[in-house]
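Participant:
Numbering (the numbering used here), first residue to last: 46 to 321.
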């Protein structure tokens, strides 16, 4: 059980929830946003003293019943609920983070010749990709292993401040941090996730600010724009598919609207790949 992280997560979720959203009377002006501790305790059906101890990182080990009540009271999403249980040492399943990619998944991305596709683990490491993905993102084969990590790409970039100011790129960066927060809670014993978080906290104030918000959200479909040096802007829909029986792996596919300029650009990307 990670008492400090659990306490910080509970505080951050309480602060974001208004009395009206929780079905409580507003009660007039408040000094701070969010619910009061006694309101959360009331909604969860527990004593205020018990809840205060949880938020002060000195509480007992909460049961699954208590955690479920807190998840309801704080109106947590399914991703946040799973994160809460992991922080409390009550994981909803037996998580295990691995780096091997099933043969069927490798065959799938190889078959998708016109669709850039790659396999990503919970640490945001790229484990496998097809030629179209390498041509779109940049020669992945030539990169050192420690440069095959999307979180490092985002927050080591000298353009990170400008990217966070852009609606699309900023949303992608924030969702990636929220997804990594889920991974850190789901795989608390993975040393490489902990090392990555520590590295980013030490080198990127932008990452540190987003990490401190305690947002938890598993990465799903999103739009993204690439600026290819030969083909110009390519707008893609980033589809994220979980590998069956492997919650630690996702297949990421970049698709486009049929008949669009971006769709034609992806078809040309295949030709560029074959001629290089």
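For glycine and all other residues, C-beta sits at the position ideal for the given N, C-alpha and C.
Measuring alpha carbon to alpha carbon, tell me which residue in 240, 307, 230 is nearest residue 50.
Facilitator: Closest by alpha carbon: 230.
Participant: Count the other CB atoms, across all protein chains shown, that sit within 10 Å of the CB of residue 108; report buried if there are 16 or more and exposed otherwise.
Facilitator: Label assigned to residue 108: exposed.
Participant: Within the same chain, show all residues whose beta-carbon is closer than 8 Å to that of residue 156, passing over the 5 residues directly before and after it, in chain order.
Facilitator: Excluding positions up to five away in sequence, the list is empty.
Participant: Starting from the N-terminal side, write out each stretch of the alpha helix (DSSP H) that is 4 residues or longer and does not extend beyond the segment 62-144.
Facilitator: Qualifying alpha helix (DSSP H) stretches, in chain order: 82-89, 93-100, 109-118, 123-132.
Participant: Should residue 150 go down as buried or exposed, given a rule of 16 or more other Cβ atoms within 10 Å for buried?
Facilitator: Buried.
Participant: So, is residue 104 buried or exposed, given that buried needs 16 or more other C-beta atoms within 10 angstroms?
Facilitator: Looking at its Cβ environment, which holds 16 or more other Cβ atoms inside 10 Å, residue 104 is buried.
Participant: Curious, which full-length beta strand (DSSP E) runs of at least 3 residues does the segment 244-282 contain?
Facilitator: Segments of the beta strand (DSSP E) lying fully in the segment 244-282: 267-273.
Participant: Taking residue 111 as the reference, which of 86, 163, 292 has the closest Cα?
Facilitator: Ranking the options by Cα distance to residue 111, first place goes to 86.
Participant: Under a three-way DSSP split, which group does residue 300 fall into?
Facilitator: Three-state DSSP puts residue 300 in a strand.
Participant: Could you please give the first and the last residue of the uninterrupted alpha helix (DSSP H) stretch that includes residue 225?
Facilitator: Counting along the chain, the alpha helix (DSSP H) containing residue 225 begins and ends at 212-231.
Participant: Nearest to residue 253 by CA position, among 116, 129, 206, 131, is which residue?
Facilitator: Ranking the options by Cα distance to residue 253, first place goes to 206.
Participant: Quick one, which of 186, 125, 236 has its alpha-carbon nearest residue 176's?
Facilitator: Closest option to residue 176, Cα to Cα, is 186.
Participant: Just how far apart, CA to CA, sit residue 305 and residue 279?
Facilitator: Looking at the two C-alpha atoms, the distance is approximately 10 Å.
Participant: In chain order, what residues of the same chain lie with their CB nearer than 7 Å to the CB of residue 160, ignoring the 5 residues before and after it?
Facilitator: For residue 160, where only same-chain residues beyond five positions count, the Cβ hits under 7 Å are 177, 298, 299, 300.
Participant: Could you tell me the boundaries of the alpha helix (DSSP H) in which residue 171 lies?
Facilitator: Residue 171 -> not in any alpha helix (DSSP H); beta strand (DSSP E) instead, spanning 171-174.
Participant: With a Cβ-Cβ cutoff of 8 Å, do residue 220 and residue 270 count as a contact?
Facilitator: It is not a contact, given that the beta carbons lie outside the stated cut-off.
Participant: Mind checking whether residue 195 and residue 227 have CB atoms under 8 Å apart?
Facilitator: No, these two residues do not count as a Cβ contact at 8 Å.
Participant: With a threshold of 16 other CB atoms inside 10 Å of the CB of residue 212, please say whether the residue is buried or exposed.
Facilitator: Result: exposed.
Participant: Just to check my reading of the structure: residue 93 and residue 296 have Cβ atoms closer than 8 Å, yes? What is that Cβ distance to the nearest angstrom?
Facilitator: At roughly 46 Å, the Cβ-Cβ gap does not stay under 8 Å, so residue 93 and residue 296 are not in contact.
Participant: Let me confirm a value: residue 179 is counted as buried when at least 16 other C-beta atoms fall within 10 Å, else exposed. Which label applies?
Facilitator: The residue in question, residue 179, is buried, as its Cβ has 16 or more Cβ neighbours within 10 Å.
Participant: According to DSSP, residue 285 sits in a beta bridge with which residue or residues?
Facilitator: Partner(s): 297.
Participant: Provide the residue(s) that pair with residue 47 in DSSP beta bridges, ordered along the chain.
Facilitator: Looking at the DSSP assignment, residue 47 forms no beta bridge with any residue, so it has no partner.
Participant: Which residues bound the beta strand (DSSP E) around residue 165?
Facilitator: Note, residue 165: beta strand (DSSP E), 162-166.
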